[in-house]
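2 protein chains.
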Amino acid sequence: MVLERLQQMASHLTGQLAPHHPFDPLSADEIAAAVAIVRKEYEDLFFNAVSLWEPRKMDMMRWLASPETQARPHRVADVVAIGRGSKVYDGLVDLDEGKLVKWELTDGVQPLITMEDLQVVESVVRKDPKVIEQCGLVGIPPEDMHKVYCDPWTIGYDERFGSKIRLQQALMYYRPHPDDCQYTYPLDFCPIFNADTQEIIHIDVPKVRRQVNTAPPINYNAEAVAKEMGFRKDIKPINISQPDGVSFTIEGRTLKWQNWNVHVGFNYREGIVLSNISFNDRGTVRPIFWRMSLAEMVVPYGNPEHPHQRKHAFDLGEYGGGYMTNSLALGCDCKGAIHYMDADFVNRAGEPQTIKNAICIHEEDNGILFKHTDFRDESCTVTRARKLIVSHVFTAANYEYCVYWIFHQDGTIQLEIKLTGILNTYALNPGESAAPWGTEVYPGVNAHNHQHLFCLRIDPNIDGPANTIFQVDACRGEGEPGSTDNFYGNAFYAKKTKLDTMGTAMSDYDGDTSRTWEMANTNKMNPYSKKPVCYKLVSREVPPLLPKEGSLVWKRAGFARHAVHVTKYSDEQIHPAGRHVPQTSGEPSEGIPAWIAADPEGSLDNTDVVLWHTFGLTHFPSPEDYPVMPAEPMTVLLRPRNFFTQNPALDVPPSYSSTPSQVAAGKTGIRGLVDNISRLAFGGKGEKG
Amino acid sequence: MVLERLQQMASHLTGQLAPHHPFDPLSADEIAAAVAIVRKEYEDLFFNAVSLWEPRKMDMMRWLASPETQARPHRVADVVAIGRGSKVYDGLVDLDEGKLVKWELTDGVQPLITMEDLQVVESVVRKDPKVIEQCGLVGIPPEDMHKVYCDPWTIGYDERFGSKIRLQQALMYYRPHPDDCQYTYPLDFCPIFNADTQEIIHIDVPKVRRQVNTAPPINYNAEAVAKEMGFRKDIKPINISQPDGVSFTIEGRTLKWQNWNVHVGFNYREGIVLSNISFNDRGTVRPIFWRMSLAEMVVPYGNPEHPHQRKHAFDLGEYGGGYMTNSLALGCDCKGAIHYMDADFVNRAGEPQTIKNAICIHEEDNGILFKHTDFRDESCTVTRARKLIVSHVFTAANYEYCVYWIFHQDGTIQLEIKLTGILNTYALNPGESAAPWGTEVYPGVNAHNHQHLFCLRIDPNIDGPANTIFQVDACRGEGEPGSTDNFYGNAFYAKKTKLDTMGTAMSDYDGDTSRTWEMANTNKMNPYSKKPVCYKLVSREVPPLLPKEGSLVWKRAGFARHAVHVTKYSDEQIHPAGRHVPQTSGEPSEGIPAWIAADPEGSLDNTDVVLWHTFGLTHFPSPEDYPVMPAEPMTVLLRPRNFFTQNPALDVPPSYSSTPSQVAAGKTGIRGLVDNISRLAFGGKGEKG
Ligand SMILES: [Co+2]
Ligand SMILES: [Co+2]
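Heads up: the protein sequence lines correspond to chains A and B, in order.
Residue numbers 1 to 689, in this note's numbering, belong to the letters of the first sequence in order.
Residue numbers 690 to 1378, in this note's numbering, belong to the letters of the second sequence in order.
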């Protein structure tokens, strides 16, 4: 009876008029159905994640090629649940069939920490006698425990406690007033919280003690700024509007804009997932990327003193970029004409939860797309660019990451990430130096050196799945100046090195050769250049992982050892640091190093491959970053090279275009899309283009 | 009599109600006055440049400190003129005194090639019998000589002809129709033009001959695109307006915006010159940069075959970024509320010429400036950023360079350069391979590998002129994992190396250490961090000069040998490849190498220094770049570090801000500057921030 009802419920969901695209995230109803199916067989569980188990690539490709004749991939929920005693279950629920198709107890792993898991810790900490005692030692009396706060982090890995008990470390702070920025008042000790028993099992206390900071608050909220210094009054509004509407269309979650076609997915872990990205090349729809996402991150801190080594958050694998996503607001996070998408997740109790406006989709003007003036007669063509931005913002405790996936008219895809939010801080005694591992950004506030390293997972589909990756270096030609081959010494060329096998396809960044990487289809040559069609990865913010070889972070974050790894495609390989990241020891390393070790000879030549790119920045804090950091942007570009036979944006209407004949005849050329809104700042007659 | 009249004229010019700021470019009247003063003593001259001779720094600093009591620096014109026989004269005209104060015949140099110099060559080439003969050999009959075009370049340096005769090389093209893009039809030979005698003195003819291309035209002008494929119709307008006006003010050429204060100059050579840049830090005006400009460029091509080694244009020193500047158009080059500035130059005949709308000044919204959400209660502050852009665009024969000097509210100055325009091309026979030195971007069109290297001149004034430059590298701590000092192997820090003396202050980019450079005032410590106040140069597009050590380009473009050079300030040292660049042999190297060689032991510690930064990119062309290149951007950042005691944009009004107390009380926080224009793309109720 119950089974039948569930099957009906599931088939109702998938059989509705506009059925879900197989890449669509699970809807709230689907999440509820999956939970109900699990609950039918297993009770007394907390839910950690109920998320789309993506269709297998072969099935999906088959279906996409012929949706009328091929079986539509089933909707399947990927379930992670936690039972008493920190028992972790990994399951799959086939929603089309309405049944549990996999249910496994997974030993010795810890699934990520959800926002709910985080919320619990602060209240436990405040009541714990040993924490109250430590607060007393740094100058906070018991009656002020309501002013004590903590950012609960996963413990990362601590060899004293291992992986079997689900643990969090509580980074401790104090707020003189509830509206004060707590990062000005870090406490020097660190309680360890057992998530299963909900108690503090240990406190790490430093040898040198530090009293709670006595510096006055420094706050960035509007109320405080208004009081402290007032707001500047000299910023006039800039209005951005699209009176005729936007230039993109959305069907379900499939976005079409300026020849681009992309499915916009979202999950608790990676946040935005872009799938099935293609470009309509003058009538031919050409596949470019099968799937692209930010798949992992690690933020190692550079202070070697215990227990700061534990500060190396895997924000996606340990907390979830989707779970931490902000609900966005019109005119604040995004300006202009905006389309939002919501995100549905499960909560601990198994109920669906919605983050409204989790994803923002909008267009922006992007300055000059191309321009040329003939110096002979000033005949000129100038065309303005437009870009489409698919973005979300997530808050990882103190930090904010703003993730912008940007599509350009010239075939370029750009991933821009802005870092903002607040520095992670630690206590500093008066007269104590923060150097060399940190900076005193405000009196008594030590912000440690750290890196933000992101792992971009790119599943290329450059005119089909059989692709090959090349490392490209700008190299000087053979022969010294004066030699026959290079008489004037000016020869240089692009040296291409094929990344052949799993075991050798590890490539570091080389600024000295302006190194890039090409994702090529060697089966298809550009008819003009006779070079393989490809997309080039251009990335210039590529610091090496600074924690040393053999170090804890190096072991846990195997993906970050090289700027580029390449692996053979596998449906199972999505998470570069492993499926369950908290409390992994790195012995052996999970994710990419394990996959490579399993098949080091595996050929990467002309086959379905995945490129993993780790990039980011090294952050040495300074007072300018406090109390809230001005956004710092970083960019990665994916650019078509030898993919098109000409500039693919040639048919974008120009703002102005005149030919030599028109100039000679005294005509003024075409003023197709000239903007009639722009004005001179201080009046007078503007010469319109 | 004449002298008196000129003195009156000059003093009238400088004595008018709003006198010129000493950094203002010469006005048309001042140019006319300077020419008249020169002409009084010397006739039969062509004018190459009449430009502001900038006040000596000591005089200017003295005057700025006390304009009421100190002598105002005189207006002085820097004159370059050419007499018969390629004789070059360098002169100075004191306009306040109305007299010529310097006039020198300078031997063995060639001043830059002006637009007028360029224009002459094409008509000479078309009539030259030897050129007509060569055209015949590649398939162009004599009656089609009007379809033959050339881009006249400086000769660079050719050892066969030396420096004494003023020469140009004519890169030859053909246009089937006047409106066809000539770069599709490059010719294989290269005439050499004597500018003094106005005749062709030599033709470089390759061993392998190539007939003129027979491929059909590929054009980007609107008329051709409309005919060939039509324009896409799915781009809806984006309107940008500032109903209350702009947020900046201009007095003369002094620009004030968001605490910034900067004088906007312009000259024929560097284009935009920014001087006397300061920031009002909560009431204290703090100097940051004395002067900043793009001072030189070199674009070496990588094909070693003669005579392609001569393709290595110094676009600023050989042609002038100011002279080549475009007249900009509202709504085309720039959108929104725009302020333009014109540029005045001299022509060959000594008359003032004006480029209307040479400089564009406007604001843009810049997304999120900072944001933080407290995960406990979703109290949140989000503030949007604004940027101010001072820009110009110049056309260097085939290429366009769009130069954007961008001021940010957080104290950052960004130099963004967009490359667009058309590839320089060479002929290719059917079946001939363009590899490895070039790419066939269209049938029969070979685009050679090349670099675009820019030299940014920064004269720092970080809280005063006594500054020190440090190279900063992100380095791993001592001690292997397991050692006492670095037990977990995670230690890292910023290693600072002082650039001590002229002879040793040469620093290459190092991607492996994310190298940056700091311009510091070691006399002034940040009160919180106890580190010297500084601005950091962050630049990630820093390829090395690919022409080899000892090569022609290496010798001529000494500035490009290292990412950073530092020199002691000298009023005379503005041009990193020398004052007169065309036909320099590089033996000895002029500009930076010469200045360093003259004082290798010169201390750079805590003194007035200049930092020269060479950055850019290596361009391996592809068909996507043809027939017109989608703009490729590059960015250099100058960021305050330990300069301010807090985020200097804290008082920018937020879009939204709520505090924990407000959230707890059910209040919605401050919605200060919420934008009421933004809308949902597809209707519905937007939740305003
Ligand atoms: Co950071
Ligand atoms: Co180029």
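Think of the CB as a built atom: it goes at the ideal place given N, C-alpha and C, for glycine as much as any other residue.
Here the structure is a predicted model, which means the values were calculated and not measured.
- prompt: Mind listing which residues of the segment 916–933 of chain B have their C-beta closer than 9 Å to chain A's C-betas, in chain order?
  reply: Cβ contacts with chain A: Glu917, Met918, Gly919, Phe920, Arg921, Lys922, Asp923, Ile924, Lys925, Pro926, Ile927, Asn928, Ile929, Ser930, Gln931, Pro932, Asp933.
- request: Let me know the secondary structure DSSP gives Cys824(B) once reduced to three states.
  value: Position 135 of the second sequence, counted from the first residue, corresponds to residue 824(B). Helix.
message: Following a CB-centred definition, is His308(A) positioned closer than 7 Å to any heavy atom of ligand 1?
response: For the purposes of this step, residue 308(A) is taken as residue 308 along the first sequence, with counting starting at 1. Because no heavy atom of ligand 1 lies under 7 Å away, the Cβ of His308(A) does not count as near it: no.
Span separating the alpha-carbon of Cys870(B) from that of Thr1084(B): The count along the second sequence starts at 1 and reaches residue 870(B) at position 181. The count along the second sequence starts at 1 and reaches residue 1084(B) at position 395. Their backbone Cα atoms lie some 16 Å apart in a straight line.
- prompt: What does Val441(A) reach in chain B if we use C-beta pairs closer than 8 Å?
  reply: Working through the first sequence from its first residue, we reach residue 441(A) at position 441. Neighbours of Val441(A) on chain B, chain order: Tyr1217, Ser1218.
message: Pop quiz: Ile389(A) and Ile417(A) are said to be a contact at Cβ under 8 Å. What is the actual Cβ separation, rounded to whole angstroms?
response: Reading the first sequence from its first residue, position 389 is the one you call residue 389(A). Reading the first sequence from its first residue, position 417 is the one you call residue 417(A). Actually they do not touch by this definition, with Cβ atoms about 12 Å apart.
query: Taking 8 Å as the CB-CB limit, is Thr501(A) close to chain B?
result: Within the first sequence, residue 501(A) is the residue found at index 501, counting from 1. It does not: the Cβ of Thr501(A) has no partner Cβ on chain B nearer than 8 Å.
- prompt: How would you label Gly482(A), buried or exposed, when you count the other beta carbons within 10 angstroms and need 16 or more for buried?
  reply: As a first step, residue 482(A) is located in the first sequence; it is residue number 482 there, counting from the start. By the neighbour-count rule (16 or more Cβ atoms within 10 Å), Gly482(A) is not buried but exposed.
- prompt: According to DSSP, what are the bridge partners of Thr1296(B)?
  reply: The residue given as residue 1296(B) occupies position 607 in the second sequence. Beta-bridge pairing links Thr1296(B) to Asn1156(B).
- prompt: Does ligand 1 have a heavy atom nearer than 7 Å to the CB of Leu419(A)?
  reply: Here residue 419(A) refers to the residue found at position 419 when the first sequence is read from its first residue. Result yes, Cβ under 7 Å from ligand 1.
task: Could you tell me whether any non-hydrogen atom of ligand 1 is closer than 7 Å to the CB of His312(A)?
output: Residue numbering aside, residue 312(A) sits at position 312 when the first sequence is read from its first letter. Answer for His312(A): no, Cβ out of range of ligand 1.
query: Shorter than 8 Å from the beta carbon of Cys1021(B) to some beta carbon of chain A?
result: Translated into the one-based positions of the second sequence, residue 1021(B) becomes position 332. With 8 Å as the cut-off, Cys1021(B) counts as an interface residue toward chain A.
query: If we cut at 8 Å on Cβ distances, does Lys667(A) have a partner in chain B?
result: On the first sequence, residue 667(A) is found 667 positions in, with the first residue counted as 1. It does not; no Cβ of chain B falls within 8 Å.
query: Alpha carbon to alpha carbon, what distance is there between Ser514(A) and Ile1188(B)?
result: Within the second sequence, numbered from 1, the residue matching residue 1188(B) stands at position 499. Within the first sequence, numbered from 1, the residue matching residue 514(A) stands at position 514. In the sequence under discussion, the amino acid at residue 1188(B) is Leu, which differs from the Ile named in the question. Rounded to the nearest whole angstrom, the C-alpha separation of Leu1188(B) and Ser514(A) is 25 Å.
Three-way DSSP call (helix, strand, coil) for Thr873(B) in this model: Taking the second sequence and counting its residues from 1, one reaches residue 873(B) at position 184. The answer is helix: DSSP assigns Thr873(B) an H, G or I state.
query: From the beta carbon of Ala397(A), is the nearest beta carbon of chain B less than 8 Å away?
result: For the purposes of this step, residue 397(A) is taken as the residue at position 397 of the first sequence. When Cβ-Cβ separations below 8 Å define contact, Ala397(A) makes contact with chain B.
query: If you drop the 5 nearest sequence neighbours on each side, which residues of the same chain put their C-beta closer than 7 Å to that of Pro588(A)?
result: As a position in the first sequence, residue 588(A) is number 588, starting the count at 1. Excluding sequence neighbours, Pro588(A) sits near Ala594.
query: For Leu794(B), is the classification buried or exposed, using 16 other Cβ atoms within 10 angstroms of its Cβ as the cut-off for buried?
result: Your numbering for residue 794(B) matches position 105 in the second sequence. With fewer than 16 other Cβ atoms within 10 Å, it is exposed.
- request: Compare the beta carbon distance of Phe189(A) and Ile203(A) with 8 Å and say whether it is the shorter of the two.
  value: Here the question's residue 189(A) lines up with position 189 in the first sequence. Here the question's residue 203(A) lines up with position 203 in the first sequence. Yes, they are a contact pair.
task: State the CB to CB distance for the pair Lys236(A) and Asp933(B), rounded to an integer number of angstroms; the pair is presumed to be in contact (CB under 8 Å).
output: Against the first sequence, residue 236(A) aligns to sequence position 236. Against the second sequence, residue 933(B) aligns to sequence position 244. Taking a contact as a CB-CB distance under 8 Å, the pair Lys236(A) and Asp933(B) counts as one, their CB atoms being some 4 Å apart.
query: In chain B, what lies closer than 8 Å to Pro582(A) by C-beta?
result: As a working note, residue 582(A) is residue 582 in the first sequence. Residues of chain B passing the Cβ test: none, with the nearest at roughly 17 Å.
message: Against Phe1159(B), what residues of chain A qualify as contacts under a CB-to-CB distance less than 7 Å, listed in chain order?
response: Start at 1 with the first residue of the second sequence, and residue 1159(B) comes out as number 470. What Phe1159(B) touches in chain A: nothing, since even the nearest Cβ is about 12 Å away.
field: Ser51(A), DSSP secondary structure in three states
entry: Sequence index remark: in the first sequence, residue 51(A) carries index 51 (1-based). Three-state result, Ser51(A): strand.
field: Close Cβ partners of Met690(B) (< 6 Å) along its chain, the five nearest in sequence each way excluded
entry: As a working note, residue 690(B) is residue 1 in the second sequence. With a pLDDT of 44 at Met690(B), under the threshold of 50, the modelled position of this residue cannot be trusted, and the question is left open.
query: Is there at least one Cβ from chain B nearer than 8 Å to Arg386(A)'s Cβ?
result: As a first step, residue 386(A) is located in the first sequence; it is residue number 386 there, counting from the start. It does; some Cβ of chain B falls within 8 Å.
- prompt: Below 8 Å between beta carbons: does that hold for Ser658(A) and Gly669(A)?
  reply: Numbered from its first residue, the first sequence carries residue 658(A) at position 658. Numbered from its first residue, the first sequence carries residue 669(A) at position 669. Between Ser658(A) and Gly669(A), the CB-CB gap stays under 8 Å.
message: Which residue marks the beginning of the alpha helix (DSSP H) containing Met747(B), and which one marks its end?
response: Within the second sequence, residue 747(B) is the residue found at index 58, counting from 1. In the DSSP assignment, Met747(B) falls within the unbroken alpha helix (DSSP H) covering 746–754.
task: Going by CA-CA distance only, name the one from Val393(A), Asp342(A), Ser247(A), Leu274(A) that's closest to Asp315(A).
output: Within the first sequence, residue 315(A) is the residue found at index 315, counting from 1. For the residues Val393(A), Asp342(A), Ser247(A), Leu274(A), the minimum Cα distance to Asp315(A) belongs to Val393(A).
message: Tell me the residue span of the beta strand (DSSP E) that contains Asp806(B).
response: Numbered from 1 along the second sequence, position 117 holds the residue referred to as residue 806(B). Per DSSP, Asp806(B) belongs to no beta strand (DSSP E); it is in the alpha helix (DSSP H), 804–816.
task: Note the first and the last residue of the continuous beta strand (DSSP E) segment covering Glu888(B).
output: Residue numbering aside, residue 888(B) sits at position 199 when the second sequence is read from its first letter. For Glu888(B), the enclosing beta strand (DSSP E) covers residues 888–893.
Assigned exposure category for Lys555(A) - 16 Cβ within 10 Å defines buried: On the first sequence, position 555 is the one that residue 555(A) refers to. The residue is buried, with at least 16 neighbouring Cβ atoms inside 10 Å.
- prompt: Got a sec: is the Cβ-Cβ distance from Val1242(B) to anything in chain A below 8 Å?
  reply: As a first step, residue 1242(B) must be located in the second sequence, where it is residue number 553. Yes, its Cβ sits closer than 8 Å to a Cβ of chain A.
task: Return no unless some Cβ of chain A is closer than 8 Å to the Cβ of Trp842(B).
output: Counted from its first residue, the second sequence places residue 842(B) at position 153. No, no contact with chain A.
- request: Just confirm the distance between the C-beta atoms of Thr1043(B) and Asp1031(B), as a whole number of angstroms; I'd bet it's less than 8 Å.
  value: Taking the second sequence and counting its residues from 1, the one referred to as residue 1043(B) is at position 354. Taking the second sequence and counting its residues from 1, the one referred to as residue 1031(B) is at position 342. Right, the Cβ-Cβ distance comes to about 5 Å (below 8 Å), so this counts as a contact.
- request: Confirm the yes/no value for this check: CB of His613(A), any heavy atom of ligand 2, distance under 7 Å.
  value: Position 613 of the first sequence, counting from 1, holds the residue named residue 613(A). Result no, Cβ not under 7 Å from ligand 2.
message: Below 7 Å, is the gap between the Cβ of His1141(B) and the nearest heavy atom of ligand 2?
response: The count along the second sequence starts at 1 and reaches residue 1141(B) at position 452. For ligand 2, at least one heavy atom lies less than 7 Å from the Cβ of His1141(B).
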